[in-house]
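Peer 1: I'd like to ask you about the structure that follows.
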Amino acid sequence: MPDARGHFGPYGGRFVAETLIAPLKELDEAYQRYLKDPEFIAEFERDLRDFVGRPSPLYHAERWSRELGGAQIYLKREDLNHTGAHKVNNTVGQALLARRMGKPRVIAETGAGQHGVATATVAARFNMECVVYMGADDIERQAPNVFRMKLLGATVVPVTSGSRTLKDALNEAMRDWVTNVDNTFYILGTVAGPHPYPAMVRDFQSVIGREVKQQCLERMGRLPDALVACVGGGSNAIGLFHPFIEDSDVKIYGIEAGGDGVETGRHAAPLTAGRPGVLHGNRTYLMEDDDGQIIETHSISAGLDYPGVGPEHSWLKDIGRVTYDAINDDEALRAFHHLCRCEGIIPALESSHALAYATKLAPTMRPDQVMVVNLSGRGDKDIQTVARIEGINLT
Amino acid sequence: MTASTDTNRIDQSFSRLRAAGRKALIAYITAGYPAPTRTVDIMHALVAGGADILELGIPFSDPMADGPVIQRASEAALAAGMRTGKVFEQVREFRQKDQTTAIVLMTYLNPIEVMGYVRFAEQAASAGVDGVLVVDLPPEEADALRGELTGRRLAEIFLASPTTDAARLDLIRENASGFVYYVSVKGVTGKGQIDTADVSRQVEKLRADSKLPVGVGFAVRDAATAAQLAGVCDGVVVGSAIVERAGADVASDRELSAFVKSLRDAMDQAVGA
């Protein structure tokens, strides 16, 4: 998976206007070539070690496990990566590719700003021009990350079309790319978009699952019983899941943003409550109205606020390999506080959705069983949001 | 593929024009902009000004290939209550007074996916549509929709662009019917500078060994550009420049007709017709 044209079963593919077909083919060819190039792989692994700080620890959350009274919970500490989230694994890989393809300019879309920061970071290091598209509403909500990107030398362009959030930023990045294809590399931040992005981003993020597998085998002598990760576009989740897909004894859970509750319609859970359609270059589960118009999403977490999802997740849902469920804003917020107090770790609100699901799942498992939760990012970026919800003024 | 659409209004239009030594003026508007009640009057105004083929854009919430003018028009149309189903009503109403002007629906795939290919094709054919152009549906992914369209004598129009290589130009020619829409610039609709010499080279390749006409569009903003392109292709598509002028009343329709006529006259003059 996927096939040569980027299909995961009926999902994925390359649904873009003709002008982008050639650059996508060029990207795919370059990627296929360097994927097999020992020098490229060695450079990628060296950057992950020395610049990102990998491998990230697999931390046994003993006190939290005891309190929940079930499975032993291990946290994959992607929050300890440089720039504070899993996003940088992918931007390091794509920047190396951009350099080999001779593209002096990189662009990206961002929602919460994590992928934008991770892109600006690698662009600074490689002396590339960097333009980040960000919804005008998100720019207001995520001011610290906007400033981070500017410190790193990136230009942040506010997107005022549509719903002024992540999906519109992605549209605008695509428009930039189609206009500047000759000198520009589009560093897409998740496992969505047209082929080869879903497969390529998955491959760069799979370092997460490969490490978890090795860490479990070394320390426990066996594979974990369950994996849990949050799903927005789904890159941290696929990164953890992918190396375990063939291991049928490992149960896998992908957790979407339930917002105010899936039953209210105010959520960001296309796999749980959407239906298949075509957006941003691929066929996948979407949140849309009866006319096929994409509808607005709602989540406490800007990083999960996306109406689509990576096509491989749609496939994994349909074949039943991964169980997808949703966690509401208030449940995620409770898990956020619980981990802060119980383990001394401030998690990202995105990751808090996976943590909240773990609190439900752990008590149904035995104490000799092992669950790995992907702690995809740290929560420093979210303290303003949490303070605001709780009526606390930080300024 | 062209054989099954012999009696299609698009083919008839191009044959008529070819016989007269003229080029097609293909006028795009966003259906429902500035209001769904205005669309049919605007369509008639375009024909009155000299448009041969009308492209009716079905608005989509995420128009990835469109520039600011059509983005804003799409948002405004949706906000004014425009929906895919209404496009068929508008075409049906237009056909009460005009049975000869060809109509092409231009949209993104998702609104069609939601309806289902069969229902979309049935409704388009029965309303009096002649062709369909789905911006984000390249030929590789288009088999299923093509089956439903060609069986109902609906042309399936594909884009070709400055980045399209020779092998893909063949693929596009083999799969397209009606005409091939050549995108004149790397970019989105309504923006960029057209290099006429470059367009001419690509269009020549597209027309080699093929009877399929080639329309050129995406950045045609004025009569001078339309006239230049008329010399190198079979039809000129004007979109954003028309959408910008689509207004709220009869007076604006007259101005729109006059603008279309200025394009028409410039194109005719350029080819000596």
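Residue numbers (my numbering), protein chains in the order written: chain A, 2 to 396; chain B, -1 to 271. Quick reminder that beta carbons are idealized off the backbone N, C-alpha and C, glycines included. Please read these numbers as outputs of a predicted model, since none were measured by experiment.
1. Among A:L28, A:R211, A:E141, A:T120, which one has its Cα closest to the Cα of L59 (chain A)?
2. Does M62 (chain B) have its Cβ less than 8 Å from a Cβ in chain A?
3. For S127 (chain B), which option in B:L169, B:L143, B:T98, B:A249 has the closest C-alpha, if you only look at C-alpha atoms?
4. CB-CB under 7 Å to A244 (chain B), same chain, minus the five flanking residues each way: which ones, in chain order?
5. Please list, in chain order, the residues of the stretch 96 to 121 of chain B that have any C-beta partner in chain A closer than 7 Å.
6. Taking C-beta pairs closer than 7 Å, name the residues in chain A that P211 (chain B) reaches, listed in chain order.
7. List the residues of chain A whose Cβ lies closer than 9 Å to the Cβ of V201 (chain B), in chain order.
8. Since I believe S315 (chain A) is in contact with T285 (chain A) (beta carbons under 8 Å), could you give me their beta-carbon distance rounded to a whole number of angstroms?
9. Pick helix, strand or coil for F52 (chain A), following the three-state DSSP scheme.
10. Judging by CA-CA distance, which residue of A:A18, A:V263, A:F205, A:G234 is the nearest neighbour of E138 (chain B)?
11. Is there contact between the stretch 306 to 315 of chain A and the stretch 236 to 251 of chain A, where contact requires at least three CB pairs shorter than 8 Å?
12. According to DSSP, is H268 (chain A) part of a helix, a strand, or is it coil?
13. So is P225 (chain A) buried or exposed if we call it buried at 16+ other beta carbons inside 10 Å?
14. With 7 Å as the limit, tell me which residues of the stretch 147 to 178 of chain A have their beta carbon closer than that to any beta carbon of chain B; keep them in chain order.
15. Name the DSSP bridge partner or partners of R276 (chain A)?
16. Which of helix, strand or coil does DSSP assign to T98 (chain B)?
17. Report the rounded CA-to-CA distance for R47 (chain A) versus K37 (chain A), giving the unit in angstroms.
18. Quick check on R389 (chain A): buried or exposed, where buried means 16 or more other Cβ atoms within 10 Å of its Cβ?
19. Cβ closer than 7 Å: which chain A residues qualify as neighbours of S59 (chain B)?
20. From the DSSP output, in three-state form, read off G117 (chain A) for me.
21. Report the three-state DSSP secondary structure of Q73 (chain A) (helix, strand or coil).
22. Output the boundary residues of the alpha helix (DSSP H) element that contains I240 (chain B).
23. Assign T82 (chain B) to buried or exposed, taking buried as 16 or more other Cβ atoms, counted over all protein chains shown, within 10 Å of its Cβ.
24. Is L135 (chain B) helix, strand or coil by DSSP?
25. Please name the residues in the stretch 270 to 284 of chain A whose beta-carbon is closer than 9 Å to at least one beta-carbon of chain B, in chain order.
26. Return helix, strand or coil for C131 (chain A), following the three-state DSSP convention.
27. Would you decide whether E173 (chain A) is buried or exposed? Buried here means 16 or more other CB atoms lie within 10 Å of its CB.
28. If you draw a straight line from the C-alpha of R34 (chain A) to the C-alpha of Q206 (chain A), how long is it?
29. Nearest CA to the CA of L272 (chain A): which residue from A:S302, A:G321, A:Q294?
30. For a test of the three-state rule: what should DSSP assign to N6 (chain B), helix, strand or coil?
31. Taking 7 Å as the limit between beta carbons, can you name the residues of its chain near L69 (chain A), skipping five residues before and five after?
32. Where does I56 (chain B) land, buried or exposed, given buried means 16+ other C-beta within 10 angstroms?
33. Give the secondary structure of F9 (chain A) by DSSP, where H, G and I count as helix, E and B as strand, and everything else as coil.
34. Rounded to whole angstroms, what's the CA-CA distance from Q209 (chain A) to V373 (chain A)? Just pull it up for me.
35. Mapping the DSSP letters down to three states, classify H61 (chain A) as helix, strand or coil.
36. Can you list, in chain order, the residues of the stretch 156 to 168 of chain B whose Cβ is nearer than 9 Å to any Cβ on chain A?
Peer 2: The short version:
1. The shortest Cα separation from L59 (chain A) among A:L28, A:R211, A:E141, A:T120 belongs to A:R211.
2. Yes - at least one Cβ of chain A is within 8 Å of the one on M62 (chain B).
3. The sequence shown places Val at residue 127 (chain B), rather than the Ser named in the question. That would be B:T98, whose Cα lies nearest to the Cα of V127 (chain B).
4. Excluding positions up to five away in sequence, the list reads I27, Y31, P32, I40, L254.
5. Listed in sequence order: L107, N108, P109, E111, V112.
6. Chain order gives no chain A residues near P211 (chain B), where near means a beta carbon separation below 7 Å; the closest approach is about 17 Å.
7. For V201 (chain B), none of the residues of chain A pass the 9 Å Cβ criterion, the least Cβ distance being about 14 Å.
8. The beta-carbon distance between T285 (chain A) and S315 (chain A), rounded to whole angstroms, is 5 Å. This is short enough to meet the 8 Å contact definition.
9. Three-state DSSP puts F52 (chain A) in a helix.
10. Comparing Cα positions, the closest option is A:A18.
11. At 8 Å Cβ cutoff, the stretches touch.
12. Per DSSP, reduced to three states, the secondary structure at H268 (chain A) is strand.
13. Counting the other Cβ atoms within 10 Å of the Cβ of P225 (chain A) gives 16 or more, which makes it buried.
14. Per Cβ criterion, the list reads S162, G163, K168, N172, M175, R176.
15. A:L287.
16. T98 (chain B) falls in the coil class under three-state DSSP.
17. Annotation: R47 (chain A) to K37 (chain A) spans about 16 Å, alpha carbon to alpha carbon.
18. With fewer than 16 other Cβ atoms within 10 Å, it is exposed.
19. Those are G163, Q294, I295, listed as they occur along chain A.
20. G117 (chain A): helix per DSSP, three-state reduction.
21. The answer is strand: DSSP assigns Q73 (chain A) an E or B state.
22. If you look at I240 (chain B), you'll find it in the alpha helix (DSSP H) that goes 238 to 241.
23. So T82 (chain B) ends up on the buried side.
24. In the structure shown, L135 (chain B) falls within a coil segment according to DSSP collapsed to helix, strand and coil.
25. Of all residues in the stretch 270 to 284 of chain A, R276, P277, G278, V279, L280, H281, G282, R284 have a Cβ within less than 9 Å of some Cβ in chain B.
26. Three-state DSSP puts C131 (chain A) in a strand.
27. Under the 10 Å beta carbon count, E173 (chain A) is surrounded by 16 or more other beta carbons and is classified as buried.
28. Computed Cα separation, rounded: 18 Å.
29. Checking every option, the nearest Cα to that of L272 (chain A) belongs to A:G321.
30. Coil at N6 (chain B), not helix or strand.
31. Counting only Cβ-Cβ distances below 7 Å, and skipping sequence neighbours, we find T360, A363, P364.
32. With 16 or more other Cβ atoms within 10 Å, it is buried.
33. F9 (chain A) falls in the strand class under three-state DSSP.
34. It is Ile, not Gln, that sits at residue 209 (chain A) in the sequence shown. Their Cα atoms are separated by approximately 11 Å.
35. When secondary structure is reduced to three states using DSSP, H61 (chain A) falls in the strand class.
36. Those would be F156, L157, A158, S159, P160, T161, T162, D163, R166, in chain order.
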